[in-house]
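Undergrad: Got a structure for you, questions after.
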Amino acid sequence: MQVIPEIAPFKKRIEELDARMAAPDFYNDPRKAAELSKEHQRMQQIVEMHDRLEAAKGALAENRVLLEDAAAEAELQEMAKEEIPELESQIVRFENELLRIMIPPEPTDSRNIVMEIRAGAGGDEAALFAGDLARMYTRYAETMGWRIEPMSTSPAEGGGFKETIFTITGGEVYSFLKYESGVHRVQRVPTTEASGRIHTSTATVAVLPEAEEVDIEINPGDLDISTMRASGAGGQHVNTTDSAVMMVHKPTGTTVYCADERSQIKNRAKALTVMRSRLLKAKIEEENAKYAAHRKGQIGTGDRSERIRTYNFPQNRLTDHRIGLSLSLPPIIEGALDDLITGLRDADIGEKVQELLRSQQG
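Residue numbers for the sequence shown follow the numbering used here, beginning at 335 and rising by one.
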């Protein structure tokens, strides 16, 4: 059985929330009221699941006592013996669910995302790998029922992408894909390699929670916006109008280029979406940095400078270096990411549970 954090602080929080929700001015701030109501619901779920866990533990203990009671009827002992495996299974399920809901959700977990994939070291092979990653995430998103919308693309001459940026919209997208940020390394024999020598290339992935206007306020005066004719692949329309938009946030130097739409207005709106998301990501990383020293692994959203994963094609093996997880590569590169993401989420939850236990002890 796992170590479960004390339930008392969660019950106390329900009492505090009950008092706040009973105040006459509670709904004066609808956004805050919705936030506290959602927290109250989560606290109640925690207490209810804890009660179910304790009830299952009590029933298991009673059945074990009954098995050891020499005076008990044989029929009752047989029933108790049959119930024990199911009760043990229930306890494991209840413990896992309780630990999961005890962890405070990140405010951005429910958000859509902006995903940015860029070719790193390795020339043409890096661009091809960036294309493979884009296809991998696209296929995974399709299996999840999410919607993908291109924001900006820069195709490479030899195939793949120098850079591709797109949004993924759906339920809890950031909570699933936030672990993908970082440097991805590929080891394989390029199609252009006649000698069969294995090359190592990289691509970087950034996963940005889609920002709302209330998250990041951008002063229009802080933006330097210029328009130009789009270049590269895209059909006859590409060089006929000044539809491409270059947007620079002067205080931070953050730059966004968007040319996927034929309309300058649409490109401007998309560029602003990416800009907000990049600035929100920087804000989140700044906050996380304050606490990083207290964490052992910091799976979290990853650091873009960190090599998080290796895709080894000759050995058909994928290894995530943060949690030491190795899986068969072929299904994953085709978009079957469930086992990989489950492993990362479970490791993150386990680490956060330990933090919760330490905070209660402290």
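The C-beta atom is built at its ideal place from N, Cα and C for all residues, glycine as well.
Since the model is a prediction, treat every value here as computed from it, not as a measurement.
Going by DSSP, what residue range makes up the beta strand (DSSP E) through Glu497?
TA: Here the beta strand (DSSP E) through Glu497 covers Phe495 to Thr503.
Undergrad: Of the residues Thr442, Glu476, Tyr474 and Ile499, which one's Cα is nearest the Cα of Pro484?
TA: Ile499
Undergrad: Count the other C-beta atoms from every protein chain shown that fall within 10 angstroms of the C-beta of Thr574, then say buried if there are 16 or more, exposed otherwise.
TA: Caution applies to Thr574, whose pLDDT of 48 falls short of 50 and renders its modelled position unreliable; the value that the coordinates give is listed next. Counting Cβ neighbours within 10 Å, Thr574 comes out exposed, since fewer than 16 surround it.
Undergrad: Which one or two residues does DSSP pair with Gly516 in a beta bridge?
TA: Val539
Undergrad: Going by DSSP in three states, Gln521 sits in which element: helix, strand or coil?
TA: strand
Undergrad: At a cut-off of 7 angstroms, would you count Arg531 as near the ligand SAM, judging by its Cβ distance to the nearest heavy atom?
TA: Ligands in the displayed structure: none, and consequently the ligand SAM is not present.
Undergrad: With 16 as the cutoff for other CB atoms within 10 Å, does Thr676 come out buried or exposed?
TA: exposed
Undergrad: For the alpha helix (DSSP H) that Asp673 lies in, which residues bound it at each end?
TA: Asp672 to Gln695
Undergrad: Keeping to the same chain, check which residues put their C-beta closer than 6 angstroms to that of Gly492; ignore five residues upstream and five downstream.
TA: Asp458
Undergrad: Below 8 angstroms CB to CB, which residues in the same chain sit around Pro585 once its five sequence neighbours on both sides are set aside?
TA: Asp556
Undergrad: To the nearest angstrom, report how far apart Gln695 and Lys346 are at their CA atoms.
TA: 17 angstroms
Undergrad: When DSSP builds the beta bridges, which residues end up paired with Pro484?
TA: Phe500
Undergrad: May I ask which residues mark the beginning and end of the beta strand (DSSP E) holding His583?
TA: Ala578 to His583
Undergrad: Just tell me which of Lys512, Leu674 and Ser662 has its CA closest to the CA of Ser444.
TA: Lys512
Undergrad: Could you check if Pro364 is buried or exposed, using at least 16 other CB atoms within 10 Å of its CB as the buried criterion?
TA: exposed
Undergrad: To test your reading of the DSSP string, which unbroken alpha helix (DSSP H) runs of 4 or more residues are found completely within the region 414-479?
TA: Complete alpha helix (DSSP H) runs here, min 4: 458-477.
Undergrad: Pairs of beta-carbons, one from the region 409-427 and one from the region 353-371, closer than 8 angstroms: are there three or more?
TA: no
Undergrad: If you follow the alpha helix (DSSP H) that Val381 is in, where does it begin and where does it stop?
TA: Pro364 to Glu402
Undergrad: Give a yes or no on contact between the region 650-663 and the region 396-408, applying the rule of three or more CB pairs nearer than 8 angstroms.
TA: no
Undergrad: Report the rounded CA-to-CA distance for Lys487 versus Glu497, giving the unit in angstroms.
TA: With the sequence shown as reference, residue 487 is identified as Thr, and Lys is not the correct amino acid for it. Near 6 angstroms, if we compare the C-alpha coordinates of Glu497 and Thr487.
Undergrad: Could you tell me the alpha carbon to alpha carbon distance between Ser746 and Ala537, rounded to whole angstroms?
TA: Not covered by the structure: residue 746. The range shown for the chain is 335 to 696.
Undergrad: Decide if Pro377 is buried, meaning its Cβ has at least 16 other Cβ atoms within 10 Å, or exposed.
TA: In the sequence as presented, Pro is not what sits at residue 377; that position holds Met. Buried.
Undergrad: Just to confirm before moving on: does the CB-CB distance between Ser560 and Met580 stay below 8 angstroms?
TA: Yes, Cβ-Cβ distance for Ser560 and Met580 is below 8 angstroms.
Undergrad: Looking at Arg643: is its Cβ nearer than 8 angstroms to the Cβ of His518?
TA: yes
Undergrad: Could you pull out every residue in the same chain whose Cβ sits closer than 7 angstroms to the Cβ of Gly569, ignoring the five residues on either side in sequence?
TA: Only weak support exists for where Gly569 lies, its pLDDT of 40 falling under 50; the coordinates are left without a value.
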